[in-house]
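Residue numbers (our numbering), protein chains in the order written: chain A, 75 to 369; chain B, 3 to 416; chain C, 6 to 303.
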């Protein structure tokens, strides 16, 4: 009997490594090697072209004195604090709204998913008009309720909020379907049992549904965090970091230094600091959702 | 174990097949006879066709070289990766302002030899434009197209209000106020657009001030002249002439909801397609009578390691030093050539659309190129001015903030 | 056993109210998601002049197909569509298969180093893509024996300017592995254990026991991967030089430049570019939400 278990164990190990082979090889060649190269470059003044020298930790030291780095960090933190909770709640709420197999639900699911299919360029063009202070749909609609809408993309207090709204709109469909897939795994017997016991919708949600989809919640929170810290496209296409530097995010700054000023060494250093920040938050996320990343 | 090995083999076979199939790239085209000259630029769509036409004209004019244009989105980045991989074009059309940055990384080839060998007189180009191509005494390309900002006005609207095009700041303010229309609290027609704080560098010179100090080590815009500019802007805003965000995303000028604005020759072809009657005059003079404008534009450069530098040079020479080529291109595209002789061709001076631009070209200046200058404008000054225009901080505060950050940036870059 | 309940009138009334609220909420959200698309469609059908002057109109007064025609005449838009399709579809197939396999291994097989490998993949997702762009570019360029290179990677152009440059680095990405691992993790272990005792090979267990249960997860991963491939912009731009090989997004961005945006063509292109992803989504939807009867057996 133990011989059978041992050979099963060995079989599993061998098979596991074979199954993992292709992704691992790709990981090493196209992720690990470039990451190591980038880390090395962060200690130089590499500019892609021309000669470059070793500068030790100069790039990292410079970062702490760099006021624009701190502006970018603050903006990115602000965006994350708004975007992650909002994105999570909207995705879960819409998934729960449409968790039926009726044809109506299916149609609405497609309709909810539509923003996801359009590219950043197109979404940005559309929202640029929606947010126009004078004629944009948003302010016109607010006007019907007697509210004088702000100048959105031209007001440094509101520009980032506008980008959060746009990002949630553009992305919730994708997370919604992940939650939908997870909601299929909620044991209906438990839900019915809880209802029979007199539990209200809220208690069912908190004690039955949420625990059952906790793996997906962790997945989506991780994805949202990683995406939020790397926000770039919208800032690049819509506001170019303005107005008043209010939408200058970390990745935008990295891109600006690396490709705009040819300071690749510094850009690499900035990227690694960003990576550490994301890592810290992800570990925090893992602890908070009550399971370690390794279960 | 056998089935596992087979599984492994088939997985890797699949991977390899996909990989090798995918590695088939489309082959390049080959032309016999004339040598190929690869020409890159960021112009796409209709503008790419204009460049194709110009290249065709060159190809027809001689049979040693054949230039082909390839549109590259983000041409500076493509050049970067091209240099990193050893696959560079022969000649590039790009924003002259980028030249000094790339020269400092040895990305471009100096052309002094060619200039001497062919006896090219660099005095034929606008001084300011040419200076952008020179770094530490060496020349790295030739200016090709120039532009500046002049004052566009809607002839019909001005005539209706009985206003003549302004020539000074005070006249500008009076005219703008007379041309503004409001419907209750909302703006229906703006007299003058204050939408681009980046033009501050033009305004401050009109006021008699400057952006940086003489040795370019510190900012100099936090000065009485700088304040004068912002106070003037504030007076326009207080009079209700303009509102932040007004007319963005649409062509308000073409629609008639904007009476006057600063703009460049690139706007001409678009405006001609609409039915607005517009006129162009030189920018108004400042309180002290100073005139100023900003010059920008494109140049042609040859990257280091270009395979056909000779062909690139012949193309450059043909286009920039022969006035007819410059004028012909303007007929296709609307852009003003950088050669003074070409720009003063009757085609431009007798055309009411260009006349003002050519006059302005005489005193238009390019932006400072000292290391960090673009960051001073982009990261320190413009953001502060944006907040000022939105009413979040006052003039003195904006300039002080910009100065603090700007000086820091310049110090870091020295 | 399903319970048949005869609802009291009060309960029925409440249910009707709930249903009404549900409908209202759903319709409200749909308006916000669909409206921009309708507006895009309308703009794409308007002639150049009308786009600016009547831009708020949802029904064009002079509809025209000119913008669509211009798309295919101005540039090789058909070719761009083909390129995007090859990249998106190829990437989806490889990610579904290899990602599924690897995710399964991490979720269901026991071996030393399992947690470490998972941590590796998870951690790699946190590296901002922008920092590895140039190094990855260099790896592709100097890859030995590719595209005319010799052993040391000199001489040719490596994988650049070919579909390989876009497909290979992302063929089995950490997201696919991570996602499928989470998904397989929620399926019970007993099924596999039972099959193991019956003597089935690991691959068979994967293929015949667990994979069929993962339809919902695979459908979602398929949609997301196809879309990521379809919408990719910056990477193809960097590694593909030949304009004939560029993708739809790069083609669309050519209509937005510093001086003027060709809204008509841009919107027309956006409509066409959005269709394939939408079709993939509609097709895969039915695998995602199964009826209540089926899911009760999990």
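Yeah, the Cβ is synthetic: ideal placement off N, Cα and C, and Gly gets one too. Computed from a predicted structure; not experimentally measured.
Residue of the options minimising C-alpha distance to residue i
i                      : options                    : result
residue 288 of chain C : C:46, C:220, C:42          : C:220
residue 67 of chain C  : C:133, C:53, C:77          : C:53
residue 250 of chain C : C:180, C:51, C:165, C:97   : C:165
residue 57 of chain B  : B:44, B:48, B:39           : B:39
residue 180 of chain C : C:274, C:87, C:136, C:126  : C:126
residue 101 of chain B : B:274, B:369, B:292, B:163 : B:369
residue 142 of chain C : A:202, A:175, A:108        : A:108
residue 371 of chain B : B:63, B:69, B:406, B:106   : B:106
residue 319 of chain B : B:127, B:205, B:103        : B:127
residue 100 of chain C : C:228, C:254, C:178        : C:178
residue 81 of chain B  : B:62, B:103, B:64          : B:103
residue 235 of chain B : B:215, B:255, B:219, B:176 : B:176
residue 208 of chain C : C:278, C:95, C:107         : C:107
residue 326 of chain B : B:63, B:308, B:157, B:48   : B:63
According to DSSP, residues forming a beta bridge with residue i
i                      : result
residue 297 of chain B : B:150
residue 71 of chain B  : B:41
residue 339 of chain B : B:147
residue 330 of chain A : DSSP output for residue 330 of chain A lists no bridge partner at all.
residue 281 of chain B : B:155
residue 183 of chain B : B:191
residue 262 of chain B : B:155, B:194
residue 232 of chain A : According to DSSP, residue 232 of chain A bridges with nothing at all.
residue 367 of chain B : B:296
Chain-ordered chain C contacts of residue i [CB-CB under 9 angstroms]
i                      : result
residue 318 of chain A : Residues of chain C passing the Cβ test: none, with the nearest at roughly 22 angstroms.
residue 182 of chain A : 31, 32, 34, 35
Straight-line gap, residue i to residue j (C-alpha atoms, nearest Å)
i                      : j                      : result
residue 410 of chain B : residue 403 of chain B : 11 angstroms
residue 124 of chain A : residue 314 of chain A : 28 angstroms
residue 297 of chain B : residue 153 of chain B : 14 angstroms
residue 394 of chain B : residue 291 of chain A : 40 angstroms
residue 120 of chain C : residue 111 of chain C : 8 angstroms
residue 248 of chain B : residue 343 of chain B : 40 angstroms
residue 238 of chain B : residue 171 of chain B : 11 angstroms
residue 124 of chain B : residue 132 of chain B : 8 angstroms
residue 69 of chain C  : residue 280 of chain C : 20 angstroms
residue 324 of chain A : residue 304 of chain A : 7 angstroms
residue 281 of chain B : residue 265 of chain B : 12 angstroms
Contact set for residue i: own chain, Cβ-Cβ below 7 angstroms, skip 5 residues either direction
i                      : result
residue 311 of chain A : 194, 195, 198
residue 116 of chain C : none
residue 152 of chain A : 234
residue 191 of chain C : none
Residues near residue i by beta carbon distance below 8 angstroms, same chain, minus five either side
i                      : result
residue 306 of chain B : 85, 90, 108, 109, 110, 111
Cross-chain neighbours of residue i in chain A, by beta carbon under 8 angstroms
i                      : result
residue 388 of chain B : 228, 230, 316, 317, 318
residue 410 of chain B : 141
residue 392 of chain B : 225, 228, 229, 230, 317, 318
Under 7 angstroms from the C-beta of residue i: neighbouring residues of chain A
i                      : result
residue 90 of chain B  : Simply none; closest approach about 10 angstroms.
residue 130 of chain C : 300
residue 84 of chain C  : The contacting residues do not exist; residue 84 of chain C stays about 18 angstroms from chain A at best.
Own chain residues within Cβ distance below 6 angstroms of residue i, not counting five before or after
i                      : result
residue 143 of chain A : 137
residue 31 of chain B  : Interpretation of residue 31 of chain B is limited by its pLDDT of 42, a score under 50 that renders its predicted location unreliable; no figure is taken from the coordinates.
residue 244 of chain C : 165, 170
residue 329 of chain B : 344, 347, 349
residue 151 of chain C : 163, 164
residue 348 of chain A : 324
Closer than 8 angstroms at the beta carbon, the chain C residues around residue i
i                      : result
residue 73 of chain B  : 248, 259
residue 107 of chain A : 140, 144
Contacts of residue i in chain B (Cβ-Cβ under 8 angstroms)
i                      : result
residue 143 of chain C : 86, 87
Contacts that residue i makes with chain C (C-beta to C-beta distance below 7 angstroms)
i                      : result
residue 351 of chain B : Ordered by position in chain C, no residue passes the 7 angstroms Cβ test against residue 351 of chain B, which lies about 24 angstroms from the chain.
residue 348 of chain A : 133
residue 76 of chain B  : 242
Chain B residues whose Cβ lies nearer than 9 angstroms to that of residue i
i                      : result
residue 93 of chain C  : Going along chain B, no residue has its Cβ under 9 angstroms from residue 93 of chain C, so there is no contact; the nearest lies around 13 angstroms.
residue 359 of chain A : Near residue 359 of chain A there are no residues of chain B at all, since even the closest Cβ is about 32 angstroms away, more than 9 angstroms.
Residue i: contacting residues in chain A (beta-carbon distance under 9 angstroms)
i                      : result
residue 232 of chain C : 190, 191, 248
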